[in-house]
Amino acid sequence: MSVPEMAWVPEPPAMTLGASRVELRVSCHGLLDRDTLTKPHPCVLLKLYSDEQWVEIVSQTKVTKPLLLKNGKTAGKSTITIVAEEVSGTNDYVQLTFRAHKLDNKDLFSKSDPFMEIYKTNEDESDQLVWRTEVVKNNLNPCWEPFRLSLHSLCSCDIHRPLKFLVYDYDSSGKHDFIGEFTSTFQEMQEGTANPGQEVQWDCINPKYRDKKKNYRSSGTVVLAQCTVEKVHTFLDYIMGGCQISFTVAIDFTASNGDPRSSQSLHCLSSRQPNHYLQALRAVGGICQDYDSDKRFPAFGFGARIPPNFEVSHDFAINFDPENPECEEISGVITSYRRCLPQIQLYGPTNVAPIINRVAEPAQREQSTGQATKYSVLLVLTDGVVSDMAETRTAIVRASRLPMSIIIVGVGNADFSDMRLLDGDEGPLRCPRGVPAARDIVQFVPFRDFKDAAPSALAKCVLAEVPRQVVEYYASQGISPGVPRPCTPATTPSPSP
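If you're matching positions, the sequence shown starts at 4 in our numbering and goes up one per residue.
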């Protein structure tokens, strides 16, 4: 038994540099028949062992190996073949609309039920199914539904790559009658439909009839009525086009963190070791500042009594300069944090909505420009339970319609169930009135899970969703990236004579 070759392309890790995406195509032959009355329904599970190291499992573009049973013996003549091909090109999508005329009739008492399959030719000369249309019943002049697929799926982003089109008459037994075929390329398809109303058509040829019948012309014609390329922009497109990522830091100064004079406090400054907030600031903030264009961070605190009147504030500048709350790099945030802590009284409650709404204000002004120039990211460091959950949900739902994301870093060992709820990974977040978030903009990271992990693991988790969120927002608004700015080469001063 043979299993048709299928392709799987994993999504690349967010913000990964110096990496390539690789498509793996898996096919099996001679599988053991485990079913009594029917053929088996095999699936392939690919696993990558990565216990503190990456293991190279395929060093060739094509590898075929025998399949083994659990006892180590070969499973008859069963083999598995894995073909690897580097993914290149763009993320663009293409929408195609096909119809056909005067197809051969393969049925005796009715008309054919045609459908069409599209194959691309791989680098190893094998053919890979990329699309199968729906079946149009009892019709020799079918109009198939428009469909959309990525340019990579269609032709591996190679406009000259051969494409094969096969038309069949559907049979419920699975033994479909072959009507005819033709070949083309994406370049031909695109050029043939370049002008409005322009179409391109091909003769549908059955080689068996062509070779046997002298007067044979074709088994019908297939027409491409629409070929529209949809440009899909990437996170890098927006960054290169001038979009700036602006980070704002918010620190939880509520009493639940513990008295800073106690060594058990998450805000303890007397210990020789950096406290939990300092550790999180250095690790997470150090990652974020690499993506902030000017590396100046507005930094706020919430849940503390602040001088001079010692009233509770939920969005005070930790440098005590409300007109200019920015700190120079994360080191500046840490310096302001150290100076701020002895001057305030940790209090409560843990209200997060005010700081979300504060960051949402400039994001709303940015939205009104209709350009991809600045995207705001709020980095919240907190020890756990949110007091104003209803207001926070409302603030997040409102912010989900703005160029804004929120990263919540859980500090300490408290119950973070509220934060996981805000993350929205298990379903769309809704405000108390039932209005859903326009998109998922919250990423929750429990810092305790990464205290002893490699920096790359923390970076991947912290920034896992931001690139997608940036692209998702601007795409939803129909906003394209700006024109990439030319790189200005650095000038090296001439040596003194």
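We put the beta carbon where it would ideally sit given N, CA and C, even for glycine.
Residue i - DSSP class collapsed to helix/strand/coil
| i | result |
| --- | --- |
| I347 | coil |
| T196 | coil |
| V465 | helix |
| E475 | helix |
| L281 | helix |
| V412 | strand |
| C291 | helix |
| P496 | With a pLDDT of 49 at P496, under the threshold of 50, the modelled position of that residue is not reliable, and the figure given next carries that caveat. Residue state, collapsed to three classes: coil. |
| I309 | strand |
| A457 | coil |
| S222 | coil |
| Y212 | helix |
| Y173 | coil |
| A441 | coil |
| A417 | coil |
| P487 | coil |
| H32 | strand |
| H155 | helix |
| E369 | helix |
| Q480 | coil |
Same chain, Cβ closer than 7 Å to residue i, neighbours up to 5 away in sequence not counted
| i | result |
| --- | --- |
| L405 | A363, A366, Q367, Q370 |
| D421 | V388, V389, M392 |
| Y219 | Y212, R213 |
| E314 | R308 |
CB-CB length for residue i against residue j, believed under 8 Å
| i | j | result |
| --- | --- | --- |
| I208 | S222 | 7 Å |
| S266 | S273 | 7 Å |
| V287 | L381 | Their Cβ separation, rounded to whole angstroms, is 13 Å, which puts V287 and L381 out of contact at 8 Å. |
| F300 | E329 | 6 Å |
| P149 | Q98 | 6 Å |
| M284 | G415 | The residue asked about is misnamed: residue 284 is Leu in this sequence, not Met. Between G415 and L284 the Cβ distance is about 14 Å, and since that is not below 8 Å, they are no contact. |
| L349 | F256 | 5 Å |
| S408 | V469 | 5 Å |
| L344 | P263 | 6 Å |
Residues near residue i in its chain [Cβ-Cβ closer than 6 Å; skip 5 each side]
| i | result |
| --- | --- |
| R442 | S403, E475 |
| Y477 | A375 |
| V47 | V29 |
| V448 | V412, C464, V465 |
| K298 | Q292, E332 |
| K234 | D95 |
| I482 | A375 |
| D455 | none |
| L72 | A78 |
| P69 | T77, T82 |
| D180 | K109, D172 |
Minimum C-alpha distance to residue i - residue among the options
| i | options | result |
| --- | --- | --- |
| S30 | T67, T41, D36, R37 | T67 |
| K167 | L281, I121, I444 | I121 |
| P165 | A356, E137, N125, L425 | N125 |
| F427 | I410, Y219, F300, I85 | For the sequence presented, residue 427 should be read as Gly rather than Phe. Of I410, Y219, F300, I85, the residue nearest in Cα terms is I410. |
| D95 | D161, E468, K73, T84 | D161 |
| L424 | V445, P328, N360, H163 | V445 |
| Q247 | G413, Y378, R451, F303 | Y378 |
| V486 | D240, E394, S420, L72 | D240 |
| R37 | F300, D130, S479, G79 | G79 |
| S175 | P149, S115, E194 | S115 |
| Y294 | T41, G75, V473 | V473 |
| V225 | A398, W147, P311, L34 | W147 |
| F419 | A398, D452, T397 | D452 |
| I290 | S113, V252, R436, A398 | V252 |
Below-7 Å beta-carbon distance, residue i vs any chain B residue
| i | result |
| --- | --- |
| D127 | Among the chains of the structure shown, chain B does not appear; only one protein chain is present. |
Sequence-distant residues of the same chain with beta carbon closer than 8 Å to residue i, five excluded per side
| i | result |
| --- | --- |
| P439 | V400, P431, L432, R433 |
| P117 | A103, L106, V138, V139, N142, L143, P145, V170, Y171, D172, Y173, I182 |
| Q201 | G195 |
| S339 | A302, I321, N322, C330 |
Any non-hydrogen atom of the ligand MG within 6 Å of residue i CB
| i | result |
| --- | --- |
| E128 | For the ligand MG, the structure offers nothing, since it holds no ligand at all. |
contact_flag[the segment 311–319, the segment 224–234] where n(CB pairs < 8 Å) is 3 or more: no
Could you tell me whether the segment 213–222 touches the segment 128–136, where touching means 3 or more Cβ pairs closer than 8 Å? no
If you pair each beta-carbon of the segment 339–355 with each one of the segment 381–399, do three or more pairs fall below 8 Å? yes
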